[in-house]
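Undergrad:
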Amino acid sequence: MNVVLLAHTQLSEKFYDSFDIYGHSYEGNKLDNTGATDGQAVALSAIRTCYSPGNPSEIVVKEGVKYFGARATDGKEGTEADRLFRQIVASKHTSTLEHISFTFAIESVSRALLAQLTRHRVGFSFSVQSQRYVRFGSDDRSGGFDYAVPETIKNSAKTVELELNANTKHKYTAEEYFELFMQEIQSVYDKLRELGVPAEDARAVLPNAAATNLVMTANLRALLDFYAKRREGRGAQGEICSLAEELRKQVVAVEPWVDQFFEGA
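Here the UniProt record's numbering is used: the first residue of the sequence shown is 1, the next is one more, and so on.
1) Would you give the residue range spanned by the beta strand (DSSP E) that alanine 105 belongs to?
2) Which whole-angstrom value is the C-beta distance of residue 267 and threonine 217, which I expect to be below 8 Å?
3) To test your reading of the DSSP string, which unbroken alpha helix (DSSP H) runs of 4 or more residues are found completely within the region 160 to 217?
4) According to DSSP, phenylalanine 126 sits in a beta bridge with which residue or residues?
5) Give the DSSP bridge partners of threonine 79, in chain order.
6) Less than 7 Å between the beta carbons of alanine 46 and histidine 99, yes or no?
7) Can glycine 144 and glutamine 186 be called in contact, C-beta distance under 7 Å?
8) Suppose the cutoff is 6 Å on Cβ atoms and the five residues either side in sequence are ignored; what does the same chain contact list for threonine 152 look like?
9) Pull up the distance between the alpha-carbon of valine 65 and that of leucine 44, whole angstroms please.
10) In the DSSP assignment, what are the bridge partners of asparagine 2?
11) Within this structure, are the beta carbons of alanine 72 and valine 60 separated by less than 7 Å?
12) Within a Cβ cutoff of 6 Å, which residues of the same chain sit near tyrosine 177, ignoring the five residues on either side of it in sequence?
13) Out of curiosity, what's the CA-to-CA distance linking glycine 69 and arginine 83?
14) To the nearest angstrom, how far is it from the Cα of serine 18 to the Cα of proline 56?
15) Pick from Leu214, Tyr133, Glu246, Ala253: whose alpha carbon is nearest that of arginine 111?
16) Using a Cβ-Cβ cut-off of 7 Å (strictly less than) and excluding sequence neighbours within five positions of lysine 158, which residues of its own chain qualify?
17) Can you look up serine 12 in the DSSP assignment and give me helix, strand or coil?
18) Nearest-angstrom Cα distance between tyrosine 133 and serine 142?
19) In three-state terms, what does DSSP make of tyrosine 147?
20) May I ask which residues mark the beginning and end of the alpha helix (DSSP H) holding alanine 46?
21) Please report the straight-line C-alpha distance between alanine 211 and serine 108, rounded to a whole angstrom.
22) What separation, rounded to the nearest whole angstrom, lies between the Cα atoms of aspartate 225 and tyrosine 189?
23) Pop quiz: leucine 97 and arginine 221 are said to be a contact at Cβ under 8 Å. What is the actual Cβ separation, rounded to whole angstroms?
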């Protein structure tokens, strides 16, 4: 599995330029040297719009120093903005976090994981590698289909004994036995293609373990909900638990303030 953050919410240059009108400035993608991120600026704009008579485009300029420049008044860590974000999450007014989005490249995950992932529909967008248009024959550009091996199979200490011929038997580990079957599936797929079966029909033999790639965009609220359901310890399958942690890691790297909300999910 490989997860790469391709893009995330950024303030527009026009919005940044508007700061100068009010005598404010920005430096290094930070607001007024407070350390506030673009995602926090968007969140503050959305949250305060619900409760302020002011214009959304002016909220950060007029209220940014108040929220990003002062210590939290609830006795907890961070700034007044952090206090406001905690209050919003605690009150379930998290629709205001839907304006912050992240786009990921998710590579070499199983079709089994994909089936689980796409059950999360609200706030998610998916573009998935096609088994119809991408050919997975041994002689195709793909070099055959790749597959994901579940950790429980990799870690199994049990073996299975197969009779190779009348006089020979061989013991296989669970992982070796699994890979043997993957090779057999590849042979069947290749033979079907040789028989003139189109890729869109030959793919019927490909397993849940077959690897795929996708691009996924999700807003922050949707990601927090996903993590709450798929994090380790919630009964989810191991592979999607690993994905949940990778998504969290990528999000927190660019918007560190949301880590506390993943922890509380």
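Ideal placement from N, C-alpha and C gives every residue a C-beta, glycine not left out.
Here the structure is a predicted model, which is why all the values come from computation and not from measurement.
TA: According to the structure shown:
1) 101 to 110
2) Because the chain is modelled from 1 through 265, residue 267 falls outside the range shown and cannot be assessed.
3) 174 to 194, 199 to 202
4) Met216
5) Arg71
6) yes
7) yes
8) none
9) 12 Å
10) Glu107
11) no
12) Val160
13) 12 Å
14) 12 Å
15) Leu214
16) Ala174
17) coil
18) 12 Å
19) strand
20) 38 to 51
21) 5 Å
22) 38 Å
23) 5 Å
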